[in-house]
Every structure is written in C-alpha cells, then in structure tokens.
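In what follows, a single structure is set out as structure tokens and then discussed.
Protein chains: 4
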Amino acid sequence: MTKPRFRELRRSYGFDEVAIVPGDVTINPEQTNTEFEIEKLTFSIPIVAAAMDGVTDVNTAVLMSKLGGFSVLHLEGVQTRYDNPQEILDEIAKAPTAEVTALMQKVYSAPIKDNLVGERIQAIKKAGGICAVSAMPANTKKLASLSVEAGADIFVIQATVTTARHVSRSYRGLIFSELREAVEIPIIVGNCVSYGACLEIMRTGISGVLVGVGPGAACTTREVLGVGVPQVTATMDCAAARDAYLKESGRYVPIITDGGFRRGGDICKGIVAGADAVMIGSVFAQAKESPGRGNHWGMANPHAALPRGTRVKVGTTAPLKQILFGPTSVTDGSQNLVGALKTAMGVCGAATIKDMHKAELVVAPSITTEGKFWQIARST
Amino acid sequence: MTKPRFRELRRSYGFDEVAIVPGDVTINPEQTNTEFEIEKLTFSIPIVAAAMDGVTDVNTAVLMSKLGGFSVLHLEGVQTRYDNPQEILDEIAKAPTAEVTALMQKVYSAPIKDNLVGERIQAIKKAGGICAVSAMPANTKKLASLSVEAGADIFVIQATVTTARHVSRSYRGLIFSELREAVEIPIIVGNCVSYGACLEIMRTGISGVLVGVGPGAACTTREVLGVGVPQVTATMDCAAARDAYLKESGRYVPIITDGGFRRGGDICKGIVAGADAVMIGSVFAQAKESPGRGNHWGMANPHAALPRGTRVKVGTTAPLKQILFGPTSVTDGSQNLVGALKTAMGVCGAATIKDMHKAELVVAPSITTEGKFWQIARST
Amino acid sequence: MTKPRFRELRRSYGFDEVAIVPGDVTINPEQTNTEFEIEKLTFSIPIVAAAMDGVTDVNTAVLMSKLGGFSVLHLEGVQTRYDNPQEILDEIAKAPTAEVTALMQKVYSAPIKDNLVGERIQAIKKAGGICAVSAMPANTKKLASLSVEAGADIFVIQATVTTARHVSRSYRGLIFSELREAVEIPIIVGNCVSYGACLEIMRTGISGVLVGVGPGAACTTREVLGVGVPQVTATMDCAAARDAYLKESGRYVPIITDGGFRRGGDICKGIVAGADAVMIGSVFAQAKESPGRGNHWGMANPHAALPRGTRVKVGTTAPLKQILFGPTSVTDGSQNLVGALKTAMGVCGAATIKDMHKAELVVAPSITTEGKFWQIARST
Amino acid sequence: MTKPRFRELRRSYGFDEVAIVPGDVTINPEQTNTEFEIEKLTFSIPIVAAAMDGVTDVNTAVLMSKLGGFSVLHLEGVQTRYDNPQEILDEIAKAPTAEVTALMQKVYSAPIKDNLVGERIQAIKKAGGICAVSAMPANTKKLASLSVEAGADIFVIQATVTTARHVSRSYRGLIFSELREAVEIPIIVGNCVSYGACLEIMRTGISGVLVGVGPGAACTTREVLGVGVPQVTATMDCAAARDAYLKESGRYVPIITDGGFRRGGDICKGIVAGADAVMIGSVFAQAKESPGRGNHWGMANPHAALPRGTRVKVGTTAPLKQILFGPTSVTDGSQNLVGALKTAMGVCGAATIKDMHKAELVVAPSITTEGKFWQIARST
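Chains as they are written, first to last, in my numbering: chain A, 105 to 484; chain B, 105 to 484; chain C, 105 to 484; chain D, 105 to 484.
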C-alpha cells in the first residue's frame, strides 16, 4: 500500500492568541501619527464605526466625523425602512432573548423607502459630517445612485463574503469595475479574508477593502456555516494582497479590518497585522450615544431563513469621545482606544500606521488562560 | 550516549478547531446542487439519519426519504426486539440518569425477533420510503438475508471499528467480498478512520464506507478505550483513500462521515474535509418526530460488560423538515442544515459536493475560546 | 546585530491530548493476551497498584495478586509506622481539608518500626500473595535487607526523581549495581522520565523501571517545583531507552508507567505509548477494599517542609474486581479496565502488549473541549 | 496569481505551558548554591521584591536584605509622596473595586517630596538593609542623584518598556551610558523582552536588566495595549542576549525576570529559562509584613488617562520568611520558594544557578487542563 499524502491544514490566529513585541526603539506616544486615508479623504484616527443598527445612526455618524474617524450608515437597516427608527430600536432592545431573532426577522422585512435614503444622508451632510453609507451587492446599483445624488462621501458594498466574481442566475452580477466608472465617490468593498479574493477585488479599481468573516461579537457565521478565518490571519493575508497590488499597480488600497475588536489591545494587534484602519461594532454599541441602547447585532442576524448572529446585551458605558480618547479609570482595555494605540505605537517605535505594520507579533497563550490564577481575585 | 530518535505524533483535528475559508469566486446558493449517490440510488441531500434507537424508526425513515435523504434502521435495536418498541423507548426516556445504563443493558439483552425484522422493513417500503437497515458484523449473514428478502434497499454493516481483516476464533470472520456476491443491494461498511483500513474495505467491493470512531455526542469510546480519531482528520484521511481507490479501480465509493455533527457549520466542514454525505445523530434526536422523545444514545451504550456512551437529554426542538430546511429563528446552527450547506457552498463557489471537497480548511482557535468575552452577554 | 539562535522547546503530551488510531486488522478481544513479566515472575494483567497508603495494605496486596497483578506496599508509610494503621487512616480520612496536610506531616514523622516491616510482608506471603515492597533511596539498604529476609518477592526503590548518579555529601549514594548484587529478588527503580536517565538506570542491572514525574491526581510536583514531563511523552522516551538497552545488552527491562491514569482509555494509551505495565493510584483508591476509605494521597504529600500533593476525595465506587474486570454500568471509563484494554487491543489488532506498542497515537483535541457542547446535557 | 509568502508568527511560551525535565544526575538539595551577583554585591538567594507599593516599604526592604535577597523601593510611589503612606495604603485597601482605580489615579497625582526620598533611603540603610530604589526614565536624573547622595546601593530605572534608544521631543532622552558615568552605584534597567532591546541596553554599560512586559498578576498591558511577550520566551531571548554580550564584551550582566511568578514552580522555570534572579510581586504581597495589607497593584495601574492593571486582592497568608523558606503545609507552591528552587535544582543536578540554566524545558499541556478531572475533588 503506498503511503498517502495527507492533506495539511494551515494554522490561523485570532486576537487572543497573539501579542505585540515591543521594539528596539521607543518613541513618545505624543509624537505618533495615526492618520488614515481613503483616496483624497484623510482621517485623523484609523477607526470606523460599523454599519450596524445598534451602532450607527445620523447622530453618531456626525459625532464620529467630528472625533476624526467616520461611521457607515447601513442603507438596508431600520434607518431607511422606518420613518421613526428609534421606536423599532427600542422594541428590539426590550424584546426577550428567546423572541428577539423572530422580531428582527419581521422588522427587517419591511421595505426600504427611497426617500429615507436621501433624508438620512442629507441630515449627516447638513450637520457637517462625512457621510459613508453601505448596501448589500444585490441592491447596490439602485442605492449607490440614490446615495451619490444625496451627497454621500463614501459608498460601502458589504456582504458576509464578497468576491470580484459572483455567479448568479437570478440577477446579473455586480461588476465592481463598471460601478467604479459610474460612481464618483470612493467605494469600499467587503468582506473578504483571503489573499486571492482581496487581490481580485483591488484589481477592479475600488478604493478600500473590508477584511473579516466570522469573528464579530454578534456574529455566529462560523457556527452556522462553518465559514470564517480568524481575524489576525485574515488581516495579514489581505495586507499581503494590498502590498502585492501596490507593487503591480503603484496604487495603495487601504484595508479596514472588521470583526471582533473588543479592546484597545485588539485594535493595536489589528494594525500590526497590517490593517490601515479598524472597523468597530460592539465596543461602540456601548457608547452613551449609540442607537442600540446597549444592544448590539449584526446585519446578518435578521436573515429570514438562516439568521446568523444574536442580539448581544453589551450595556452602556461611556460617551463615544471617552471610549475613543479617555481619560478612563477602566482597566480592561475597553476605553481610550486611541490612547492605547498611540501608546502601543510608542513602545513599538512606530511613528505612523505604516511603521506599525512592521512591528512583530508572536503567538502567545491566550490571556484568559494566563490570567486564570487571579481571575477570581480580580473580580472580587 | 547516542541521541534517541523520539517517536513523533501526528496532529489531528476535530470540528471546533477548523474553519472553512471562503473562495475567490462565490455563487448563488440556489444554484448549488447537493446530490449524493450510492450506486444507482440518488439522494437530493447528502444527509443520513443514524442507526440509533432515539433517532430512527419506521416513521422517521419514511419521512427522511421524502425529504431527500435516508435513515438507517438498526436491526439490533429495540425495533426488532420488541413488538411495541415505543413502550421501551418511553421507559428509557423516563429513567433517572444514574439507572439508565443498567436499564439499557437489560433492554438490549432481549432477543431479536426475525419476524419483526421483516415487518419493519416492509412497513417502510409500503409507505414509499427508501429502506436502509444495519447490523453488527457477527449477525450480518443472517440479518442481511432476512433484509434482502423483505425488500430493503441498502444494507449497512456497522461496529465501532470495522476492518476488512478481522481475526476471530469463535466465528468465521465476515468476508465482505463474499457478502457482496451474496447480497444484491448496496452494502455500506463502517466505521473506520484511517487511510489503510478504508482502502482495504473499499477493495472488497462494497458500496460505501462510514467514517468516524469516537466523537459522537452520545459516545464515550475515547474515554473508555482511548480509541478515536477526531472527525475532520478521519474524514480527510478516508477521502484520500477514496480518491486513491478511484485511481486504482475507476470506481467511486462514497464516504459518509459519522459522528459529532451538532451544527450546520459542522456538516459544511465534514463535506469540505472530503465526505460525500454526513450521518447525523444527536441533532435529529431533537426532532419532534424522533422516537427517543428528546433523548439520544448510541448502539454501543448498552454493551453488557463495557458500555461506551450515555443517554444524552437533547430535548425536542422542531419538526425534522425545519431542522433540515428551515426557516428558523434559531441562530446556533442547529436548524436549516441544508440551507447552511447551500450557503456555505455559495461562499466557497462550490456548485456540487465534489466542488466543495476542494475548498480550504484552516486550523482556527476553537469557537468557544474566541467567543468567551461575550458568552455571558449572549446568554442574558 | 547578528540574529540570535533562539532556544527551541520540545512539545510533550499527556493523556488528554492523544488518541489511539484503530488498526487495519482487528482481532477478537478474547484472543488478546495481556501478560506482563518481571524477570521470572509472570502476571496475567499488566496492572500494578501504587505504593500509596490510601491504595495498598496487606489485604489489597493479597487481592491484587489473586486478580492477576500485584500491589506495592510502601515500607515508609503508615503500615510500618503504626501497629494499628487503620486508626490513622481513618483520622486522615476525616480531617478537614485545611488541616489534612499538617496532620499528615505529623503522622509521617513517626518512626518506622523494623518489626512491622517483617510482619506486613509475612502477612501477605502467608495469604498467598506476591509481595512487592518499596522504600526511598536513603532507607533502601536497611529496608531491602529486612524485606528479603521476610520473604518479599519484589523490591521497589522509589522517589519523585531517581537517577543512577545521585550526588550527596550526607550519605554515600545508593549504588544500584551494588544493591543488585546484594539483593536476590527483582528490583524496580523509579521514577524517571527521560531517555538518558532511564537508560542509565537499566545499565545498573535492575529489573524494571517506573516512569513518570508529576502528573498523578494527588501530586502537585509540577506546581511546586515546576518539574514534570507529561506521561505520554515520558513513557515514549523511556520505551525508546528500553528498546535501545535491549539492543545493546540483549536484556528486556520492562517499564511500568506511573501517574495520572484515571480511565481505561488512559491505560490503553499508556500501553500504546510503550509501557509494559501501568501503575494505578487514584482509580484503585476508589475500590471498596481500599484502606484510604475513598481518599487518595501520594507519598510526597507529607514532606515536612515542602509537601507536594493533596489528599483527594475520590469516593468509593466498586469492588476492586469490578474495577478491573467489570461488568459495569458506568460509562466514564473508570471500571472494567482490563476489559477496556482487551477491547482496545482488539480494535488495534494487537494480540499482545508488545503488539500494542506498535499501534499509532495521534495528537487530538482534548476530550473535554470536544465534549463541551453536550456536557450540560450529559450531567442532567 | 503568484502564491503569496504568508507572514509567519513565532510561538512564545508562558509558565503554565512548560515543565522542567529532571536531569540524568541528581544532587542533594542541601548542596545547591543559589547565589546571585550584581557587580560586587552578592545575594544568597536570587529573589528580588518588586517596586510595587503593596509589596515594598522600608520595613520589608530591610527584612528582605536580612533574608538574603533585596527589595526595590519605588521612588515615585506613595512612600515618597506622603509623609504617612500607610494611611493612603489603607485607603486603597478598603476602596470598593469599582472605585479603586479612580482613587489610585488621584493618590498618585500628589507630588513627590524630595525630602522623603532621602528619608526612606536612610531609614533602610540605618537598619542595615541593602537599599535598592527605582524611578521612571523621565525622573531618573533627578532621583538618581538624590538617591546616591542618600546612600542607596542600587538604582533601578523601570518603565513598562524601556529601550536604549527612546525618541522624544518633550525631554532629552535619558542616555544610559551618560548616567552610568555619573552614578557610581549599580544600575538596573528594564523592562525589556527581546534579544535586540536587551543587548542594546547591556551595551550602554549598565549592571543588570529587568525582563518582562505584560504577564504580571496586577498588569493588564496585554489587554489594553496588546503588547507583551510570555515570560518564558522573554527570559530565554534576553538570556541569549546576555550570553551574546558576554561573548562580545567579557562582561556578565545578570538578568532579573519580572512578572507573573505565582508559585515555586514558576520561579524554577524562570531560572531554567535563563534568569539570574526573579522579581516577585503578588506572592510577596501576601506576606504578613507587606504594606498592601493583602492587596496588590502595579505602578502602571494609576496612569491618569490609560490605567493598565487592577488592584488584586491576594490576601495575607504567612510571614515573608515562611514564604521564602518554609516550612509549610500549603501544597500549591506559594510557600517555601527557596526550598522549591533548591529541590528543583537537586532533581536537575544543578549545583548553581548557572548550572540550572542548562536544564531542559519541554512544552507541556497546561496544569489546569491536566488537572481538570480532579479539580472538584481537590477543592472538597
């Protein structure tokens, strides 16, 4: 009997398994620069609020702009299906756990109203905010043209998994390169997790890529579909695609890593893994200003036949400004995210986000295990 | 002192440690084809209900056929030992945990009645179902001939571990190739977990192989005997044997991976690992129609001297049809298994089960660890 | 700066991380032979009861002999320090957890009585048992001669870590080769965990080696000293030493793996890892006949200044005979240990213990993790 | 599409994942020598009490000296900010968990009083103790000169991460080589975790290096910043730097490994990993004499904007002398640390600390996992 060639599986890594190694040079955190660019738009912090209904509405979008980052308003969420979305959001917040998914399936089956799409965008622009909006691929053509008309600054096409080559009999696949021609504002596409998919998406000419499938706090894709790549590996692979694409085209397409960021340390690791910016959901759902009232859920949760996610009660902790910039007396890493990033850049000797890409990560035993001994003591 | 050559151990993987990587192409889930063939029989879904008394009786066997898969009726279980098996099943369901194994040892020591073998098979056939039945190797000769006579469609020979070469002084070993000659219906043999054992079984001419030792929810083989190979590795190795056998013989012998499938995601991973179909126990024990009344146990549980397994209270959740096809409001992956498979095939760009064999798996930190942070929140 | 050569650490394995792969041939368990030899003594089962005061006294030593294995009576325990040891054992059994170590330190500071050494040995011999006794290296010369005189069959020299080359200023080191000359009965020496230490011990001419430092249920050596090698790796390395020594000398010195065996599956794994026999503590402490009354502790526990271990309440479950041979209705692997071994040998196609050494082990995710999902259900 | 070169991550190890392999020779623990030197100062035990306000004050510094090691008094803690520090320490001890970080932020914003710096140092010297003091880099110039003047024996410069090349616009970076010239007493610098950073620090001429970022019991740097290297790997890498520096310069600069030591076994592992001495925080916070009254926190906890750590209630267990030298009836490794070290050196056949550097470590499943089965039993 000839010896078989066994199939080898590659090891992948999530946040809890890696740690950042300090550099041989350190710099003063105040001298670090956290700027992040999408085409001609420059943001002072590399942080994006997720297109989730518990996180982003007109109000928080304006606030995030003023704080230096931006929010993405989901055009297929409650904001565009209901004239008074807060009523619906309150209903979701109050629903018992056992009934909430069924409620959300009903809530999200109401039609999207074209007029609300325009109104929400204009409200953000009128208040002086950068307006980024998102849609699923199937509705992109229509919603993108409505958005541009209303004055949106960035258009995001987002599904659980998006590729440059989608096969469908029911509708003619969305061709990103055609869309790129038609739409004048920056286009961000996601999510993807692999080198190949990311590279192909970049080659269509779009402006940015969202990275991450599965690891978010409100996401159960990995349980339901078995699909997902841990976020550190996904980010490293897509960063490799970005660097390869830069080499072949001369164009630098930023990647925004999206999913599962819960602490300042996670954000720092996402950047070291190669991300240009980080998309945040659950931590921002904890902000005082957030529409979810301390609740958090993803846009795949309300799927009519195969919901993938849950409403997570994350609680309300602090104003968005304090979550981003502190000061704080909280020691679990959930506040002063930008302060944490600048401090980590300091100990890595990284003056810019691109410098931070060169820092070293090691695989380390998970924090939880390491800290077990004193866990009880800590919670006393 | 000369340096010793230390014995190296190969790493093996179970479901919780791997994740499926999305493809560079995606396709619409509705365009995926999940067909599965055993010789001339074609099934529209690659799902088989296990030969377990809490899962399969005449009624569920007929139902599974209508839904596109098939069930295996165990010819050495309560269905053929008792005229009124439901009475016995109810007794098992009601027994206190501390007494249930002893009760089962007694229940399963009653003799198998030849007439019931025929009656159960004919009942399934009369109702229009595909009838698959199983027996242990020692009773195969007798039960196989009774089954063929009664009209069974598929005969399954199943023990914890089955090989093509069994050494016994007490009875002449079952020779699969001889049985193959004698029995005209497709024969499935299992369970095995290694390349060599699988390849040897295929060479006897049988029609399909069951893969898996140890990981089932109701199985404690690994605790009791120390024997078992995690299901992803077992499936990959036996798939390699199938491919090698196809190359040497031109004949494609499907493998059915069996053991420990608890969520849609597990099924998707089993297929990506190389399985042609998946045998399901505990999740089907949760079906409203299941004979176990929300209880689940394996056929090795009632062993008279060395029981290996336990009765697991899995509860009753939904009709079998909903477990298979949804729609659902449950988000833990235990319902809409076929929808999950088709969606995962979509994100992997796999039009058929054989395409899905080419998708990539990565080793990933277990879901449980990854989700720890929000576990409490989720359960609120 | 030149790149440093980082120190590499070898990975080692314990029971929970490995699983036995079934063979390509299977044999009927009844045809397996579990015999084990130490010089001219042959035992029908490869199982040894540990030299622990909660496990072995005159009564259980006689019983183990009759059941086919043997027990080791510790000559530095309560049996030789007290005329009425059961009184003391009862006191230990009843002591509150917080006070038990201090109590044991006191109990074990009483002097060893020479006359009791002889009496215990003679009592075992009179009842027809094989009599194996043990001592620490420092007391070996005196106790070995008393033992031989009283009729002991096997002498065991046991300390946490024993080597052939011990450096001491306070007493002239025990020279095993000299002892070998002086003592006519088989000598077993332990414990060791590495290839080199095991090989050197074998070269002194002794009759058997005990393998294992740290992993026992009642042992905290790894916490207190940081010292220990997981049992599967320790056994594999010492088995390699045995095989190397056989090659160089033509003499086969059996190794007895000792520490942390809690289930039938662990014993099977220990044998596959290369052990000729298995020493068992905690599982035998559960026997109805055991002197510890359902309590278990090691001989390093009562150390006057640095106790390493704890009294573990293991409870009382079944007669020793049932623990060894069943039948049982317990499904966690703690009973019918020999039945489990013979069944595992069957699925590995191993007719003898030496055949079983050739079976394959794979590294597998720990049972605990794998079974998490149903844990709650199982305990209902 | 060309195959990308995926970025590889190096595996790193913490205490719970490694174990010490006994040697092929053993020696009597009483014959081991645990001496440790910093320039001309020799200590009989390689143990240093941390510069933490719950651990070190004048009283414990004197006591540690008498016991053979030394303590480091933090010159930026409560001892130099308050005339009556015990009042403040009691307030911290009594504060509710939810308020303690905010309280500490306030407490540590009081100014450092120059006169107290001198008084504390003189008090230690007057009582006959070795006086080691520490400061952060920004305050080093001033505090070092005050310290030398007052008679300190060792000066420690300590921050979360310290490098030989710090970039700052706000103050002229501290040049260690200049400081070395100016200050006549031994200088210890830390913390660092990598080969490169450690080697560069040694090249500035300083006398010792502190190793460790992140793993301490009272430290949440890894959660907040994502930064940290598990202690075993950090120690091995810095030991490699020490050995490389010895080769290039002929000067042996000891490394003191600092962070996360909770048991005797951890200390033994730290030494085997290559440390010349071990800095201890939480375990000493448990001493009866400790100023924290059973509470423990790090010097990064009270950071005004981004606190990294928590007050941990560790309780009060025994006098410092008993924690160091026993005897004890505690079996979890938290007492008789020196006894444990000498015993471990004995089983490794190591007569000196430098011999102990040559012992072998293996990667082993974590103690917690291994011991799970009996955990409940043990706690009964």
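Ideal placement from N, C-alpha and C gives every residue a C-beta, glycine not left out.
Since the model is a prediction, treat every value here as computed from it, not as a measurement.
The beta carbons of D:Met306 and D:Val357 sit closer together than 7 Å. Residues of the segment 456-471 of chain B with a C-beta atom less than 7 Å from some C-beta of chain A are Leu465, Val466, Val467, Ala468, Pro469 and Ile471, listed in chain order. Ranked by Cα distance from B:Val297, the first of B:Met340, B:Arg284, B:His270 and B:Arg269 is B:Met340.
Under a 10 Å Cβ-count criterion, C:Glu203 is classified as exposed, with fewer than 16 other Cβ atoms of the shown protein chains found around its own Cβ. Comparing C-alpha distances from C:Ile196 to each of C:Gly396, C:Ala343, C:Gly419 and C:Val466 shows the shortest one belongs to C:Gly396. Per DSSP, the continuous alpha helix (DSSP H) segment holding D:Val451 begins and ends at Leu441 to Val451.
The C-alpha of A:Asn295 is placed about 17 Å away from the C-alpha of B:Glu464. CA-to-CA, the gap between A:Gly309 and A:Thr456 works out to about 25 Å. The way I'd put it, the segment 176-190 of chain D does touch the segment 217-226 of chain D; three or more beta-carbon pairs between them come closer than 8 Å.
If you compare the alpha carbons of B:Ala404, B:Thr420 and B:Gly419 with that of B:Gly413, the shortest gap goes to B:Ala404. Here B:Lys446 is buried, its C-beta having at least 16 other C-beta atoms within 10 Å. Proximity of chain A to B:Val125 at the Cβ level (cut-off 7 Å) is accounted for by Val297, Ser298 and Val333, in chain order.
Listed by position along chain C, the residues whose Cβ is nearer than 8 Å to that of B:His178 form an empty set, because the closest Cβ is around 19 Å away. Using beta-carbon distances, A:Arg397 does not count as an interface residue toward chain B, since no partner is under 7 Å. One Cα belongs to D:Pro469, the other to B:Ala214, and the distance between them is close to 45 Å. Contact check for A:Gly450 against A:Ile131 passes: the beta carbons are separated by less than 7 Å. The three-state secondary structure of A:Met403, taken from DSSP, is coil. Counting the other Cβ atoms within 10 Å of the Cβ of A:Leu350 gives fewer than 16, which makes it exposed. DSSP, read as helix, strand or coil, puts C:Ala153 in strand. Going by DSSP, B:Val129 is part of the beta strand (DSSP E) stretching over Val129 to Ile131. Look at B:Leu278: its C-beta is not under 7 Å from any C-beta on chain C. Around the beta carbon of C:Phe147, 16 or more other beta carbons lie within 10 angstroms, which makes this residue buried. C:Ala408 sits exposed, since fewer than 16 C-beta atoms from the chains shown fall within 10 Å of its C-beta. Beta-carbon to beta-carbon, B:Ala377 and B:Ala348 are separated by about 16 Å, too far to satisfy the 8 Å threshold. It is roughly 16 Å from the alpha-carbon of D:Ala206 to the alpha-carbon of A:Ser438. For D:Ser238, the enclosing beta strand (DSSP E) begins and ends at Ala236 to Ala239. Our two residues, A:Ser281 and B:His400, have alpha carbons roughly 53 Å apart in a direct line. Taken through DSSP and simplified to helix, strand or coil, A:Asp362 comes out as strand. A:Val317 reaches chain B at Pro126, counting residues in chain order whose Cβ is nearer than 7 Å. Runs of beta strand (DSSP E) with 3 or more residues, each lying fully within the segment 295-350 of chain B, are found at 312-315, listed in chain order. Chain-order list of chain A residues neighbouring D:Phe365: empty, with the shortest C-beta distance near 11 Å, by a criterion of under 7 Å. The residue among C:Thr264, C:Glu304, C:Asp257 and C:Ala256 with its C-alpha nearest the C-alpha of C:Ile279 is C:Glu304. B:Arg273 and C:Ala454 have their C-alpha atoms some 15 Å from each other. DSSP, reduced to helix, strand and coil, places C:Ala214 outside both helices and strands of the structure shown, so it counts as coil. Shown here, C:Ala123 sits in a strand according to DSSP, grouped into three states. In this structure C:Val166 is in contact with C:Ile228, their Cβ atoms being roughly 6 Å apart against a cut-off of 8 Å.
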